[in-house]
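Peer 1: Residue numbers (the numbering used here): 589 to 678.
All C-beta atoms, glycine included, are put in the ideal place defined by N, C-alpha and C.
All values derive from a computational prediction rather than experimental measurement.
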């Protein structure tokens, strides 16, 4: 099978940087959602509210890892750029 390389290692690293920037946005948005939820606590009361906050706290752990997942794609792209450069030099 023949592969065609359409991006240079430098361009790949640029895309990885874009992904890193998006990870920061994800992190900021998750923090924003948490802040909004925390504002509800004094006024959203009762059993339904307790269940809601419990569910949110469980989901928050996953949400806090989203930026790490996004960053992992950036790492993979940088590694691909490194492999391309090594292959080009050999």
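#1: I think residue 658 touches residue 610, with their Cβ atoms under 8 Å apart; what is that distance to the nearest whole Å?
#2: Is residue 655 near residue 627, with beta carbons less than 9 Å apart?
#3: On the premise that residue 622 lies in contact with residue 648, defined as a C-beta separation below 8 Å, what is that separation, rounded to the nearest angstrom?
#4: If you draw a straight line from the alpha carbon of residue 638 to that of residue 600, how long is it in whole angstroms?
#5: Rounded to whole angstroms, what's the CA-CA distance from residue 669 to residue 594? Just pull it up for me.
#6: In its own chain, which residues sit with a C-beta less than 7 Å from the C-beta of residue 644, not counting the 5 before and 5 after it?
#7: If you check the beta carbons only, do residue 665 and residue 607 fall under 9 Å apart?
#8: Can you grab the Cα-Cα spacing for the pair residue 678 / residue 597, in whole Å?
#9: Only counting the same chain, and skipping five residues up and downstream in sequence, which positions put a Cβ closer than 7 Å to that of residue 652?
Peer 2: This is what the structure gives:
#1: Correct: roughly 6 Å between the Cβ atoms.
#2: no
#3: The C-beta separation of residue 648 from residue 622 comes to about 7 Å, placing the pair in contact by the 8 Å criterion.
#4: 46 Å
#5: Cα atoms of residue 669 and residue 594: separation of roughly 12 Å, rounded to the nearest angstrom.
#6: 625
#7: Taking 9 Å as the Cβ cut-off, residue 665 and residue 607 qualify as a contacting pair.
#8: Their backbone Cα atoms lie some 15 Å apart in a straight line.
#9: Excluding residues within five positions, the ones whose Cβ falls inside 7 Å are 618.
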